[in-house]
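**Q** Take 410 as the starting number for the sequence shown in this note's numbering and just add one per residue. What follows is a structure written as structure tokens; I'll ask about it next.
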Amino acid sequence: MLTNATPAEAAKHRTSASTTLLVLAGPLIGLAYIIALPCIGAVLLVYFGGRSAIRGIARLVRRPAPRTITG
């Protein structure tokens, strides 16, 4: 704490402390978004259409290869 600080000087120090906090928290917030967004997307995919998508993929995998006419 500054003992003989004018209100303007005290405001400068408060601003720099909050800026430091934002600079430190910014990468953590970004990392949280990077981790959370794919998880949210996966949950929404399963919730809104995952079963039909899984069925479609299974149908594609089980379908026999097209036969070519040789001769």
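Where a beta carbon is used, it is the ideal one built from N, C-alpha and C, also for glycine. Keep in mind that this is a model prediction, so the values were computed, not measured.
1) Helix, strand or coil, according to DSSP, for arginine 468 in the structure here?
2) Give me the Cα-Cα distance between isoleucine 443 and alanine 414, rounded to the nearest whole angstrom.
3) Using C-beta distances below 7 Å, list every residue in its chain close to valine 470, excluding the 5 sequence neighbours before and after it, in chain order.
4) How many whole angstroms separate the CB atoms of leucine 454 and alanine 462, which I take to be in contact at a CB cut-off of 8 Å?
5) Would you tell me roughly how many angstroms separate the C-alpha atoms of proline 416 and isoleucine 449, rounded to the nearest one?
**A** The structure says:
1) Here residue 468 refers to the residue found at position 59 of the sequence shown. Arginine 468: helix per DSSP, three-state reduction.
2) In the sequence shown, counting from the first residue as 1, residue 443 sits at position 34. In the sequence shown, counting from the first residue as 1, residue 414 sits at position 5. The C-alpha of isoleucine 443 lies about 42 Å from the C-alpha of alanine 414.
3) As a working mapping, residue 470 is identified with position 61 in the sequence shown. Answer for valine 470: no residue qualifies.
4) Within the sequence shown, residue 454 is the residue found at index 45, counting from 1. Within the sequence shown, residue 462 is the residue found at index 53, counting from 1. At roughly 7 Å, the Cβ-Cβ gap stays under 8 Å, so leucine 454 and alanine 462 are in contact.
5) Position 7 of the sequence shown, counting from 1, holds the residue named residue 416. Position 40 of the sequence shown, counting from 1, holds the residue named residue 449. Those two C-alpha atoms are separated by around 46 Å.
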